[in-house]
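Residue numbers (this note's numbering): 1 to 251. All C-beta atoms in this analysis are idealised placements derived from N, C-alpha and C, irrespective of residue type, glycine included. Just so we're clear, the structure is a prediction, and the values are computed from it rather than from any experiment. One structure is given below, encoded as structure tokens.
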């Protein structure tokens, strides 16, 4: 929206969906390798935050502490939604070796995500004013427009393309998880066919919202549902295992 304002969003969505589909049908190992490559291609963007160091003002941070803060629970849920996705590690159990420190890697990944979000928050809150942050929907992406290189113009378009890699791997992982779950329900169907149907349905659903605010509302609803799923599913599994153990003891 900010980097490519004249581009047709549905064509953009179609290209991303095709790339994600080609990635999903290759399997989780290929997704993992691609995710590793995408990680190193995106993480270097954090070094660009150093260029804004001289523009930061410590006096600006004092205006944000509990400023106009009313819906604390809503803000907490929205913040927690940024860390969602860890529950998909349960689907990776069959692919993990027994001696691998899998959960250590999951916790380190969450901690790294925390550091990335913290760095972006400190930069944005120190660069923009309070009124600007209330009006800007994507402050970090808008920050990229302030970066100038002597040998290239409109560098934010190139930098934004690197952020699309993160979106691509997120779409691929969620659709892989959905296809894997649906395969357990429809055992006679191939994974490629299931993946194609799921991605086609999600692409058709993307025609419904007409403005970006509607997409934001949908994301909030999906975030709440995902939070409930992330808590309810493990608790339900623990309850089922406890009932089965109790029945075995009675037998």
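Rounded to whole angstroms, the separation of the alpha carbons of residue 49 and residue 8 is 30 Å. Burial state of residue 179 is buried, judged by a 10 Å Cβ sphere holding 16 or more other Cβ atoms.
Around the Cβ of residue 198, a 10 Å sphere holds 16 or more other Cβ atoms; the residue is buried. Counting every other CB atom within 10 Å of its CB across the protein chains shown gives residue 201 a total below 16, marking it as exposed. Burial check for residue 176: the Cβ neighbour count within 10 Å reaches 16 or more, so the residue is buried. Annotated three-state conformation of residue 100 is coil, per DSSP. Spanning the alpha carbons of residue 47 and residue 217 requires a straight line of approximately 32 Å. Contact holds between the region 33-46 and the region 157-176, because three or more Cβ pairs, one in each stretch, are under 8 Å apart. Residue 24 counts as buried, since at least 16 other C-beta atoms from the protein chains shown sit within 10 angstroms of its C-beta. Unbroken beta strand (DSSP E) runs of no fewer than 3 residues, entirely contained in the region 126-184, are not found. Taken through DSSP and simplified to helix, strand or coil, residue 85 comes out as coil. Residue 236 and residue 227 have their C-alpha atoms roughly 14 Å apart.
Assigned with DSSP and collapsed to three states, residue 56 falls in coil, not helix or strand.
Secondary structure of residue 114 (DSSP, three-state): helix. For residue 186, same chain residues with a beta-carbon under 8 Å away, outside a window of 5 residues either side, are 194 in chain order. Counting only the Cα atoms, residue 45 lies some 11 Å from residue 119.
The residues 209, in chain order, have a CB closer than 6 Å to that of residue 215 in the same chain once the five nearest residues on each side in sequence are set aside. With fewer than 16 other Cβ atoms inside 10 Å of its own Cβ, residue 83 counts as exposed. Judged by their CB atoms, residue 89 and residue 116 are not nearer to each other than the 7 Å cut-off. Only residues of its own chain outside the window of five on either side were considered, and among them 168 have a CB closer than 7 Å to the CB of residue 19, listed in chain order.
Annotation for residue 18: the continuous alpha helix (DSSP H) segment containing it runs 9-24.
Excluding residues up to 5 positions away in sequence, 83 and 86 lie with their Cβ nearer than 7 Å to the Cβ of residue 110 in the same chain.
With respect to the C-alpha of residue 191, the residue from 27, 174 and 142 having the closest C-alpha is 27.
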